[in-house]
Amino acid sequence: MRSSNPSLGKTTFKDLQVNDGNVMTIQGTVNKTLILFLLMCATATFTWTQYFAGKDIQSLVWIGFGGGFVVALITIFVKKTAAYTAPLYALLEGLALGGLSAMYETMYAGITTQAILLTFGTLFALLFAYKTRLIKVTENFKLGVFAATGAIFFVYIADFILRFFGMNVPFIHETGLIGIGISVVIVVVAALNLVLDFDFIEQGTDQRAPKYMEWYGAFGLMVTLVWLYLEILRLLAKIRSNK
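Heads up, the sequence shown is in our numbering, so the first residue is 49 and it goes up one at a time.
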C-alpha cells in the first residue's frame, strides 16, 4: 500500500497497535479535516486583510511556508504528535496562503475565487469517482502517481537550487503554451494524489489504526489540498497573463 503524499506513505500504519478499541474512523478523519480547514481559513483571512490594509506581510508568508514545512516534517516523523502539529501546520499554511492569494488577486482580479472553486470542485469530483469506483486504485496506478510526484518534486528542488546561481529550470515558469501545459500536468498529478489519500485513509480505518491517526490522515489531506490549490493558482495566473 503506497501513497505519493509524503505524509501518507506505505509504512504509515506499520506496527501501530490499538489496545483500548479507540480506533480511527473515516467520519472522525473528515471532522478533523474540517477543523484544520477552518483554522487555515482563519489565518488566511488575517494575512489577506492585512495585505489589503497596506501592511507588509512578506515576513508572515515566509514564516507560514517555512514554519509549515518544519511542522510537516515533525508530523511525518513523529505521528503521535499529529493532534498538536496538524492544527499548527494549518495555521501556518493559512498565513502563507492568505498572503500569497492576496498578491495574486491584485494582479488578476477574481483569480483566488476561481482557484478555490476549482480546488474543491476537484476534491469532490475525485471523491465521488473514488467512492463509486470509477477510479480504481491499483498498484500500477499508485506506482505511476508516485513516480510522477517524485519527478515533479525533483524538478522543483533543482529549480530552487539553480535560482541561487541566477538560473532556473526551462519552461516551468513560462506563460506560453509549453509552460501552461506543464502546469496542467502538475495539477493533474496533484489531483490524483487525493485519490491515493482517500484510499490510504480508508485502508487505515480497515486496519483499525489508533485514534490519533485521524489527525494524521486529515493532515495528509491538507498537504495535498494546499499543493493542489497552489498549482491551480499558478496555472490560472499563466493563462490570464497569456491573454
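Note that beta-carbon positions come from the ideal geometry of N, C-alpha and C, so glycine has one too. No experiment lies behind these values; they were computed from the predicted model shown.
Tell me, to the nearest whole angstrom, how far the beta carbon of residue i is from that of residue j; I am working on the premise that it is less than 8 Å.
i	j	result
I226	I287	13 Å between Cβ atoms; not a contact.
G146	W96	4 Å
V235	I280	6 Å
A177	V237	Actually they do not touch by this definition, with Cβ atoms about 16 Å apart.
L108	L139	No, L108 and L139 are not in contact; Cβ-Cβ is about 11 Å, not under 8 Å.
Any idea what DSSP makes of residue i, helix, strand or coil?
i	result
V71	strand
V301	A query on residue 301 cannot be resolved here, the shown segment of the chain reaching from 49 to 291 and no further.
R181	coil
N290	coil
I294	The shown model of the chain, from 49 to 291, leaves out residue 294, and the question about it has no answer.
I159	helix
I105	coil
G169	helix
V271	helix
G224	coil
L136	helix
S51	Since pLDDT at S51 reaches only 44, below the 50 mark, its modelled position is unreliable, and the value read off the structure follows with that caveat. Coil, per DSSP.
T186	coil
F212	coil
So what does residue i bridge to, in DSSP terms?
i	result
P258	V71
Count the other C-beta atoms from every protein chain shown that fall within 10 angstroms of the C-beta of residue i, then say buried if there are 16 or more, exposed otherwise.
i	result
M155	exposed
F246	buried
G214	exposed
K103	exposed
L240	buried
R282	buried
S289	exposed
I230	buried
K80	buried
Please confirm if residue i has its CB atom under 8 Å from at least one CB of chain B.
i	result
N79	Judged by its chain identifiers, the structure shown contains no chain B, having just a single protein chain.
Alpha carbons only, please: which of the options is nearest the one belonging to residue i?
i	options	result
F85	A285, T272 and S289	T272
T223	L284, A138 and L82	L284
I164	I205, V203, S149 and Y178	S149
L278	F113, F248, G76 and I74	F113
P135	T180, A157, L269 and V217	L269
L276	T167, T186 and I83	T167
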